[in-house]
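Chains as they are written, first to last, in my numbering: chain S, 2 to 384; chain X, 195 to 456.
Idealized CB from N, CA, C, for every residue including glycine.
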Amino acid sequence: MAEQVIPTKKMPPGLQVENVDDRIMTLNVGPQHPGSGHMRIIVKIDGDYIVDADPDPGYVHRGEEKMAESRNYITNIPHLERPVIHDSCNILYPYVLGVEDLVGIEVPERAKYVRVIAAELNRCIYIQYWLAIYGIFLGHSTMFMWPAGDRELLIDLMEKITGARVTHAYFIPGGVRNDVPANFEDVCLRQVNYFEKRIKEYADIFYDNPILKARTEDTGVLSREDAIRLGTTGSVLRASGVDYDLRIKEPYDVYDELDVHTNVLKAGDSYARSKIPWLDMLESCNIIRQALEKMPKSGSIRTKLKPNPKGREDEVYRRVESGRGSAGCHIISRGKPEPYRLKLSVSSFRNLIALPYLLKGEKLGNMPAVYWSLNYWPVEADR
Amino acid sequence: MSKSEKKATSKDEDKKKSDAKATGDAIIAAANARREELTKEALATRSNKTLPKEVKEKPKEEKPKESKPKEEKPKESKPKEEKPKAAPPSKTDTEEVSLPEFEKSFVDKISSQFTGDVEVGYIKENRTRVNVKKEKILEVAQFIKDNLPFDHAESVTGVDFPEDKEIGVVYHLGSYTDPTYSKQVLALATRVPREENPNPGNDSTKLPSLRDMFYSVEFHEREIFEMLGVYFESHPDNRRLLLPEDWADLPPLRKDFRNKGR
């Protein structure tokens, strides 16, 4: 019998046959694995140690930037908040500021304060959601239930303001969509005070927990130089000792009239990265209280736009501090009702570059601690 | 017997039927009367509200009639709209006279170093832009990295210009280390030739990668490669990032790639 020749199968484009090594094993984490979110991390491990990590996002890519080119400035609002529905006010903020620059309208004072309150409430809602996930993937199920429950307080508050629980579409060029209800100040103050009291209790159960400290301290250390070099932003950057918060460095709306403090930690490990958002929530409570005090009690909440507004021929790049870090929006306008090109530069996408850097040399068991400490939201990175 | 009995029973049934009919009619009549009362009450209370509704409905019919001429009008009245447009540039001209000094100082540094190759796009408060020829992009980026405190890339935007047969790439650079520069965003823009039938990686749409100078552009450049087909030479990892591996269409952010149903 002649030797049977096995025909080599032609591989589809993009796929390749890999040389099998006895020592190094390739492991796909995700995209279905709940611990990875909607993304895949191709991890190569040698024993228990990660040799190489290759993030593969794009499973929830929806072409927001392409969609924006065929819709006008107003109809773009609801779909541009979809990348992070839990932080919908903050992801919409740079776009709205940019459109205001292009159309050339002023925002009433009261609307600016309402925006700041809504943005800070939304930041807390996002961080609570993220904290719940971080807790459950470190095996701390109480830390899943507490934030998921306390989050409802603020969601109810946002529902009172905007009418929607999660996807608000509340900010529009020129102000906000509708006014806050009567006696909102009292309700908001009461809820926020109780919320602050609640999140202070997280320290006892989570942040001072020796098991959590053992798992997260000194894992995935990102030095100050590398955090700058990799261009990380938000909580990742501030956990590495860089004092950079856009609410202070480049204040938008009324942040310059409020007393805002940033939280900076120097350790740069997963513990510091997980603590910064929690400290941010406490700071947000302070900001909300100040804004409630200083907010004009009455007045207009939006400047009316012309129907189908046209941006002047120009380009703008605006950025704000979202729940995860800097969120930027680059709009190129050509004097038409639709943007010529709209680019969302989101913090999850910018922080993703730190993931392979941090995972190399870590144990596989530390992967959830490092990955979720990056404050990464896969849908935002894919847009 | 049976007949009389039947007659009797039939008479009883008839009586019952007629009674039931009478009671039924009475109930229905009462209900109708009550309904009329209610409607009268409702009308009396809502009489103020119903009138505007009727009025509101009428304009709705009229509005489209108005909007149609509105759509036609802009075509005729375009010069009218251009007049206010012409006014803002004059305002910007006055602003350009008093350019922000700090921004101007570091843009002048770049433009004086590379006279002829660098063109100042705009100088606004906190936002500046320099347009660079693509052959000089590496040198200019190196100069910025060495002499100015810009240390990371905020975002990289790729823009398609089919009329100019070019694709623009804009690097937005920011600074973490120098507090005086923390507000500044410098846009470093360049353009590459665009081909009608793109073959990403193998045609003339190529740029040198800035990854060696600004490490943070790595994923941004990968995204532009797949979305617009700009190949970055000396980039170590020119793979797809967001699109599926078997994507065999045009790069989707080019203007000639059309959304389905649009």
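Let me check understanding here. Comparing Cα to Cα, which of the options lies closest to residue i?
i                 : options                                   : result
ALA204 of chain S : S:ILE277, S:THR263 and S:ASP257           : S:ILE277
ASP372 of chain X : X:LYS339, X:LEU436, X:VAL363 and X:GLN307 : X:LYS339
GLY312 of chain S : S:ALA183, S:LEU103, S:GLN192 and S:ILE200 : S:LEU103
ARG290 of chain S : S:CYS189, S:HIS331, S:THR217 and S:SER349 : S:CYS189
HIS87 of chain S  : S:MET159, S:THR263, S:PRO297 and S:MET146 : S:MET159
ARG448 of chain X : X:GLU439, X:GLU420 and X:PRO430           : X:GLU420
ASP358 of chain X : X:PHE451, X:THR351, X:LEU435 and X:ARG388 : X:ARG388
GLN192 of chain S : S:MET26, S:GLU339 and S:ARG152            : S:ARG152
TYR127 of chain S : S:LYS113, S:PRO109 and S:ALA149           : S:ALA149
HIS169 of chain S : S:HIS331, S:LYS307, S:MET26 and S:VAL85   : S:VAL85
ASN123 of chain S : S:ILE92, S:GLU110, S:HIS331 and S:TRP147  : S:ILE92
VAL30 of chain S  : S:VAL380, S:ASN376, S:MET368 and S:TYR377 : S:MET368
SER37 of chain S  : S:LEU343, S:ARG384 and S:TYR372           : S:TYR372
LEU280 of chain S : S:TYR195, S:GLU314, S:ASP257 and S:ARG239 : S:ARG239
THR76 of chain S  : S:PHE138, S:PRO340, S:ASN352 and S:LYS364 : S:PRO340
LEU437 of chain X : X:THR217, X:SER306, X:ARG416 and X:ILE222 : X:ARG416
ILE162 of chain S : S:SER285, S:ALA119 and S:ILE200           : S:ALA119
ALA292 of chain S : S:PRO182, S:TRP147, S:GLU121 and S:LEU306 : S:GLU121
GLU110 of chain S : S:TYR195, S:MET296, S:THR27 and S:ARG72   : S:MET296
LYS1 of chain S   : S:LEU353, S:CYS330, S:GLU284 and S:ARG335 : Any question about residue 1 of chain S goes unanswered here, given that chain S covers just 2 to 384.
In the DSSP assignment, the beta strand (DSSP E) including residue i goes from what residue to what residue?
i                 : result
PHE337 of chain X : PHE337 of chain X -> not in any beta strand (DSSP E); alpha helix (DSSP H) instead, spanning 331-341.
MET26 of chain S  : 25-30
GLY315 of chain X : 312-318
THR322 of chain X : 321-326
ALA170 of chain S : Neither: ALA170 of chain S is in no beta strand (DSSP E) and is coded neither H nor E.
PHE308 of chain X : Neither: PHE308 of chain X is in no beta strand (DSSP E) and is coded neither H nor E.
LYS344 of chain S : 342-346
Closer than 7 Å: is that where the CB of residue i sits relative to any heavy atom of the ligand COA?
i                 : result
THR217 of chain S : Only the bare structure without any ligand can be found here, which leaves the ligand COA out of the picture.
Return the first residue and the last residue of the alpha helix (DSSP H) that residue i is part of.
i                 : result
TYR96 of chain S  : 89-104
PHE419 of chain X : 412-422
ILE126 of chain S : 110-138
TYR372 of chain S : 368-374
SER349 of chain X : Not the alpha helix (DSSP H): SER349 of chain X falls in the beta strand (DSSP E), residues 346-355.
ASP383 of chain S : 379-383
GLY329 of chain S : Element bounds for GLY329 of chain S: not the alpha helix (DSSP H) but the beta strand (DSSP E), 327-334.
TYR50 of chain S  : Segment 50-57 is the beta strand (DSSP E) holding TYR50 of chain S; no alpha helix (DSSP H) there.
PRO387 of chain X : From DSSP, PRO387 of chain X is part of no alpha helix (DSSP H) but of the beta strand (DSSP E) over 379-387.
LYS191 of chain S : The question names Lys, but residue 191 of chain S is Arg in the sequence shown. It spans 185-201 - the alpha helix (DSSP H) in which ARG191 of chain S sits, taken as one unbroken run.
PRO394 of chain X : No alpha helix (DSSP H) holds PRO394 of chain X; DSSP gives it neither H nor E.
HIS80 of chain S  : 77-81
LEU293 of chain S : 271-295
ALA358 of chain S : Correcting the residue identity first, residue 358 of chain S is Tyr in this sequence and not Ala. Segment 355-360, the alpha helix (DSSP H) holding TYR358 of chain S.
GLU427 of chain X : First-last for GLU427 of chain X: 425-427, but that is the beta strand (DSSP E), not the alpha helix (DSSP H).
VAL237 of chain S : 236-240
Between residue i and residue j, which are expected to be in contact by the criterion C-beta below 8 Å, what is the C-beta distance as a whole number of angstroms?
i                 : j                 : result
ASP57 of chain S  : ILE43 of chain S  : 6 Å
LEU382 of chain X : ALA335 of chain X : 7 Å
LEU223 of chain S : ALA355 of chain S : 6 Å
ARG303 of chain S : ALA112 of chain S : 6 Å
VAL380 of chain S : VAL167 of chain S : About 13 Å; that fails the 8 Å criterion.
LYS318 of chain X : LYS250 of chain S : LYS318 of chain X to LYS250 of chain S, Cβ: 17 Å. No contact.
ASP345 of chain X : TYR370 of chain X : 6 Å
PHE196 of chain S : CYS286 of chain S : 7 Å
ILE46 of chain S  : LEU365 of chain S : 6 Å
Inter-stretch contact at 8 Å, needing at least 3 Cβ pairs: the stretch 221-241 of chain S / the stretch 396-413 of chain X
At 8 Å Cβ cutoff, the stretches touch.
Segment contact, 8 Å Cβ cut-off, at least three pairs: the stretch 160-176 of chain S with the stretch 93-110 of chain S
Judged by Cβ distances under 8 Å, the stretch 160-176 of chain S makes contact with the stretch 93-110 of chain S, as three or more pairs qualify.
Taking three-plus beta-carbon pairs below 8 Å as touching, is the stretch 437-454 of chain X in contact with the stretch 342-359 of chain X?
Counting C-beta pairs closer than 8 Å gives three or more between the stretch 437-454 of chain X and the stretch 342-359 of chain X, which meets the contact rule.
With a cut-off of 8 Å, do at least 3 Cβ pairs link the stretch 210-218 of chain S to the stretch 257-275 of chain S?
Flag = yes, the stretch 210-218 of chain S and the stretch 257-275 of chain S touch.
Can we say the stretch 139-147 of chain S touches the stretch 61-74 of chain S, given the rule of at least three CB pairs closer than 8 Å?
Contact fails: fewer than three Cβ-Cβ distances are below 8 Å.
Members of the stretch 322-354 of chain X that neighbour chain S once the beta carbon cut-off is set at 7 Å
Under the 7 Å Cβ criterion, the stretch 322-354 of chain X contributes ASP345, HIS346, ALA347, GLU348, SER349, THR351 and VAL353.
Give a yes or no on contact between the stretch 420-435 of chain X and the stretch 389-404 of chain X, applying the rule of three or more CB pairs nearer than 8 Å.
Counting Cβ pairs under 8 Å, three or more are found: they touch.
Cβ-based contacts, 8 Å cut-off: residues of the stretch 327-358 of chain S near chain X:
Flagged, chain order: SER327, GLY329, HIS331, ILE333, GLY336, TYR341, ARG342, LYS344, SER346, PHE350, ARG351, LEU353 and ILE354.
Please list the residues of the stretch 217-232 of chain S that have a C-beta atom closer than 7 Å to any C-beta atom in chain X, keeping them in chain order.
Residues ILE229, ARG230, LEU231 and GLY232.
Is there contact between the stretch 239-253 of chain S and the stretch 204-217 of chain X, where contact requires at least three CB pairs shorter than 8 Å?
No: fewer than three Cβ pairs fall under 8 Å.
Please name the residues in the stretch 293-304 of chain X whose beta-carbon is closer than 9 Å to at least one beta-carbon of chain S, in chain order.
For chain S, none of the residues of the stretch 293-304 of chain X brings a beta carbon within less than 9 Å of one of its beta carbons.
At a Cβ cut of 7 Å, what residues of the stretch 392-423 of chain X count as close to chain S, listed as they run along the chain?
Only TYR409, SER410, GLU412 and PHE413 from the stretch 392-423 of chain X bring a Cβ to less than 7 Å from some Cβ of chain S.
Which of the residues in the stretch 425-445 of chain X, read from start to end, lie with their CB under 8 Å from any CB of chain S?
Listed by position, the residues of the stretch 425-445 of chain X near chain S (Cβ gap below 8 Å) are ARG434, LEU435, LEU436, LEU437, PRO438, GLU439, ASP440 and ALA442.
Between the stretch 210-231 of chain X and chain S, which residues of the former have CB atoms less than 9 Å from a CB of the latter, in chain order?
Those residues of the stretch 210-231 of chain X that come within reach of chain S (Cβ to Cβ, closer than 9 Å) do not exist; the list is empty.
What are the residues in the stretch 65-81 of chain S lying within 9 Å of chain X by C-beta distance?
Residues of the stretch 65-81 of chain S with a C-beta less than 9 Å from any C-beta of chain X: GLU66, LYS67, MET68, GLU70 and SER71, listed in chain order.
Where the stretch 378-391 of chain X meets chain S: residues whose CB sits under 8 Å from a CB there
Residues of the stretch 378-391 of chain X with a Cβ closer than 8 Å to any Cβ of chain S, in chain order: VAL379 and ALA381.
Any residues in the stretch 235-268 of chain S with a beta carbon nearer than 8 Å to a beta carbon of chain X? Which ones, in chain order?
From the stretch 235-268 of chain S, only LEU238, VAL243, TYR245, LYS250 and GLU251 have a Cβ closer than 8 Å to chain X.
What residues from the stretch 52-66 of chain S come within 7 Å of chain X, judged by C-beta to C-beta, listed N to C?
From the stretch 52-66 of chain S, only PRO58, GLY59, HIS62, GLY64 and GLU66 have a Cβ closer than 7 Å to chain X.
Quick one: which residues of the stretch 295-318 of chain S get their C-beta closer than 7 Å to a C-beta of chain X? List them in chain order.
Across the stretch 295-318 of chain S, CB contacts with chain X closer than 7 Å involve ARG313 and TYR318, in sequence order along the chain.
Residues in the stretch 356-370 of chain X having any Cβ partner in chain S nearer than 7 Å
Contact residues of the stretch 356-370 of chain X toward chain S are HIS366 and TYR370 (C-beta to C-beta distance below 7 Å).
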